[in-house]
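Note sheet for the following structure.
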Amino acid sequence: MNFLTKLPLVAIVAFFCFSCTTESNDYEVNDIELSLTTPETKTIEVEILDLINNHRLDMGLNALSDMTLVKSVAFTHTDYMVDNNVVSHANFYKRSDYLKANAGATKVTENVAYGYSSAESVVKAWLKSDAHRANMEGDFTNFDLAAEQNAEGKWYYTNIFIKK
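FYI, the numbering for the sequence shown is 197 to 360, going by this note's numbering.
Here it is as C-alpha coordinates:
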(Lines of atoms letter the chains of each structure in order from A and count residues from 1; the text may use other names and numbers.)
(Lines give C-alpha, C1' and ligand atoms only; values in the text may rest on other atoms or scores of the structure.)
Protein backbone atom coordinates (compact mmCIF):
# COMPACT_ATOMS: atom_id res chain seq x y z
CA MET A 1 0.00 0.00 0.00
CA ASN A 2 1.42 3.38 -0.90
CA PHE A 3 1.26 6.48 1.29
CA LEU A 4 -1.71 8.08 -0.50
CA THR A 5 -3.93 5.06 0.10
CA LYS A 6 -2.95 4.98 3.79
CA LEU A 7 -3.58 8.70 4.31
CA PRO A 8 -7.38 8.48 4.86
CA LEU A 9 -6.90 5.72 7.44
CA VAL A 10 -4.26 7.75 9.29
CA ALA A 11 -6.53 10.81 9.25
CA ILE A 12 -9.47 8.86 10.71
CA VAL A 13 -7.33 7.34 13.47
CA ALA A 14 -5.83 10.75 14.30
CA PHE A 15 -9.28 12.34 14.41
CA PHE A 16 -10.58 9.85 16.95
CA CYS A 17 -7.39 9.87 19.02
CA PHE A 18 -7.09 13.63 19.34
CA SER A 19 -10.54 15.15 19.02
CA CYS A 20 -12.82 13.07 21.22
CA THR A 21 -12.94 13.77 24.93
CA THR A 22 -15.52 13.63 27.65
CA GLU A 23 -13.63 15.88 30.03
CA SER A 24 -15.23 19.14 31.07
CA ASN A 25 -13.32 22.42 31.15
CA ASP A 26 -15.54 23.84 33.93
CA TYR A 27 -13.03 23.14 36.70
CA GLU A 28 -10.25 24.77 34.70
CA VAL A 29 -12.21 27.98 34.15
CA ASN A 30 -12.87 28.17 37.88
CA ASP A 31 -9.14 27.78 38.59
CA ILE A 32 -8.54 31.13 36.88
CA GLU A 33 -11.24 32.84 38.91
CA LEU A 34 -9.68 31.71 42.18
CA SER A 35 -6.30 33.24 41.34
CA LEU A 36 -7.34 36.54 39.72
CA THR A 37 -5.55 39.63 40.91
CA THR A 38 -5.25 43.00 39.26
CA PRO A 39 -1.82 44.55 39.68
CA GLU A 40 -1.34 48.29 39.49
CA THR A 41 -1.09 49.55 35.94
CA LYS A 42 2.48 50.23 34.85
CA THR A 43 3.58 53.07 32.60
CA ILE A 44 4.83 50.63 29.95
CA GLU A 45 1.37 48.99 29.83
CA VAL A 46 -0.40 52.32 29.27
CA GLU A 47 2.11 53.18 26.55
CA ILE A 48 1.55 49.86 24.77
CA LEU A 49 -2.23 50.19 24.88
CA ASP A 50 -1.98 53.77 23.59
CA LEU A 51 0.33 52.71 20.74
CA ILE A 52 -2.05 49.92 19.73
CA ASN A 53 -5.05 52.25 19.79
CA ASN A 54 -3.15 54.90 17.83
CA HIS A 55 -2.29 52.26 15.22
CA ARG A 56 -5.92 51.16 15.05
CA LEU A 57 -7.10 54.75 14.61
CA ASP A 58 -4.49 55.29 11.86
CA MET A 59 -5.98 52.23 10.11
CA GLY A 60 -9.51 53.68 10.38
CA LEU A 61 -10.50 51.18 13.08
CA ASN A 62 -12.24 51.80 16.38
CA ALA A 63 -10.21 52.43 19.51
CA LEU A 64 -10.48 49.65 22.07
CA SER A 65 -11.50 50.16 25.68
CA ASP A 66 -9.41 48.71 28.45
CA MET A 67 -11.08 46.29 30.85
CA THR A 68 -9.95 45.34 34.35
CA LEU A 69 -11.14 41.74 34.06
CA VAL A 70 -9.14 41.29 30.85
CA LYS A 71 -6.06 42.73 32.60
CA SER A 72 -6.51 40.31 35.50
CA VAL A 73 -6.74 37.33 33.16
CA ALA A 74 -3.72 38.57 31.18
CA PHE A 75 -1.80 38.87 34.45
CA THR A 76 -2.43 35.21 35.30
CA HIS A 77 -0.67 34.22 32.08
CA THR A 78 2.16 36.74 32.30
CA ASP A 79 2.81 35.58 35.86
CA TYR A 80 2.83 31.96 34.61
CA MET A 81 5.37 32.84 31.90
CA VAL A 82 7.65 34.62 34.40
CA ASP A 83 7.40 31.78 36.94
CA ASN A 84 8.18 29.15 34.30
CA ASN A 85 10.65 31.20 32.25
CA VAL A 86 8.72 30.49 29.03
CA VAL A 87 6.94 32.47 26.36
CA SER A 88 3.82 30.64 25.27
CA HIS A 89 0.11 30.59 24.69
CA ALA A 90 -0.25 27.64 27.08
CA ASN A 91 -3.78 27.24 28.40
CA PHE A 92 -5.15 29.94 26.12
CA TYR A 93 -8.47 28.09 25.94
CA LYS A 94 -8.84 28.54 29.72
CA ARG A 95 -8.42 32.30 29.43
CA SER A 96 -10.75 32.42 26.44
CA ASP A 97 -13.43 30.31 28.13
CA TYR A 98 -13.22 32.40 31.29
CA LEU A 99 -13.62 35.70 29.41
CA LYS A 100 -16.52 34.30 27.39
CA ALA A 101 -18.25 33.19 30.59
CA ASN A 102 -17.47 36.25 32.73
CA ALA A 103 -16.83 39.25 30.47
CA GLY A 104 -19.45 38.62 27.80
CA ALA A 105 -16.78 37.98 25.18
CA THR A 106 -17.81 36.34 21.93
CA LYS A 107 -14.27 36.31 20.52
CA VAL A 108 -10.89 36.25 22.30
CA THR A 109 -7.30 36.37 21.07
CA GLU A 110 -3.93 37.26 22.53
CA ASN A 111 -0.41 38.37 21.76
CA VAL A 112 2.54 37.45 23.97
CA ALA A 113 6.12 38.67 23.95
CA TYR A 114 9.34 38.53 25.94
CA GLY A 115 12.48 40.60 26.31
CA TYR A 116 11.41 43.89 24.77
CA SER A 117 12.41 46.78 27.02
CA SER A 118 10.13 49.49 25.66
CA ALA A 119 6.53 49.87 24.58
CA GLU A 120 7.65 50.91 21.11
CA SER A 121 9.84 47.85 20.61
CA VAL A 122 7.18 45.30 21.58
CA VAL A 123 4.47 46.97 19.48
CA LYS A 124 6.82 47.22 16.48
CA ALA A 125 7.63 43.52 16.81
CA TRP A 126 3.94 42.61 16.91
CA LEU A 127 3.26 44.80 13.87
CA LYS A 128 6.00 42.98 11.91
CA SER A 129 4.24 39.65 12.48
CA ASP A 130 1.20 39.01 10.29
CA ALA A 131 -0.58 36.99 13.00
CA HIS A 132 0.09 39.48 15.80
CA ARG A 133 -0.83 42.44 13.59
CA ALA A 134 -4.08 40.69 12.63
CA ASN A 135 -4.93 40.42 16.33
CA MET A 136 -4.17 44.09 16.87
CA GLU A 137 -6.26 45.12 13.86
CA GLY A 138 -9.08 42.64 14.47
CA ASP A 139 -12.78 43.18 15.13
CA PHE A 140 -12.61 43.70 18.89
CA THR A 141 -14.15 46.02 21.48
CA ASN A 142 -11.90 45.67 24.52
CA PHE A 143 -8.35 44.80 25.42
CA ASP A 144 -5.84 44.96 28.20
CA LEU A 145 -2.32 43.96 28.98
CA ALA A 146 -0.11 42.66 31.75
CA ALA A 147 3.63 43.32 31.66
CA GLU A 148 5.88 41.84 34.34
CA GLN A 149 9.62 41.53 34.81
CA ASN A 150 11.50 38.42 35.89
CA ALA A 151 14.33 38.43 38.46
CA GLU A 152 16.82 39.46 35.76
CA GLY A 153 14.68 42.42 34.70
CA LYS A 154 13.42 40.91 31.41
CA TRP A 155 9.86 41.85 30.48
CA TYR A 156 7.09 39.37 29.67
CA TYR A 157 3.84 40.55 28.04
CA THR A 158 0.35 39.17 27.55
CA ASN A 159 -2.05 41.35 25.55
CA ILE A 160 -5.62 40.01 25.31
CA PHE A 161 -8.27 41.28 22.90
CA ILE A 162 -12.00 40.52 23.20
CA LYS A 163 -15.15 41.29 21.30
CA LYS A 164 -18.32 41.77 23.32
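Note that beta-carbon positions come from the ideal geometry of N, C-alpha and C, so glycine has one too.
Legend entry - Opposing strand residues paired with residue 261 [DSSP bridges]: 338
Legend entry - Every unbroken alpha helix (DSSP H) inside the stretch 252-331 [4 residues or more]: 264-280, 288-298, 315-324
Inset, instruction - Output the distance between the C-alpha atoms of residue 232 and residue 264, rounded to the nearest integer angstrom. - result: 11 Å
Inset, instruction - Check the C-beta distance from residue 340 over to residue 238 and give it rounded, since I have them as a contact under 8 Å. - result: Not quite, the Cβ-Cβ distance comes to about 12 Å (not below 8 Å), so this is no contact.
Inset, instruction - To the nearest angstrom, report how far apart residue 260 and residue 311 are at their CA atoms. - result: Their backbone Cα atoms lie some 25 Å apart in a straight line.
Inset, instruction - Report the three-state DSSP secondary structure of residue 354 (helix, strand or coil). - result: strand
Inset, instruction - Please report how far the alpha carbon of residue 360 lies from the alpha carbon of residue 235, in whole angstroms. - result: 23 Å
Legend entry - Spatial distance of residue 318 from residue 256 (CA atoms): 22 Å
Legend entry - DSSP state of residue 348 mapped onto helix, strand, coil: DSSP places residue 348 in coil when its eight states are reduced to three.
Legend entry - Straight-line Cα distance separating residue 307 from residue 249: 15 Å
Legend entry - Inter-residue spacing [alpha-carbon to alpha-carbon] between residue 324 and residue 309: 13 Å
Inset, instruction - Determine the direct distance from the alpha carbon of residue 272 to that of residue 297, and round the result to whole angstroms. - result: Between residue 297 and residue 272, the C-alpha separation is close to 17 Å.
Inset, instruction - Return the residue from the list 304, 240, 289, 278 that minimises the CA-CA distance to residue 334. - result: Ranked by how close their Cα comes to the Cα of residue 334, the residues 304, 240, 289, 278 have 304 in first place.
Legend entry - Whole-Å CB distance - residue 244 paired with residue 301, under 8 Å assumed: Not confirmed; about 20 Å, so no contact.
Inset, instruction - Let me know if residue 314 comes out buried or exposed under the rule of 16 or more other beta-carbons within 10 Å of its beta-carbon. - result: exposed
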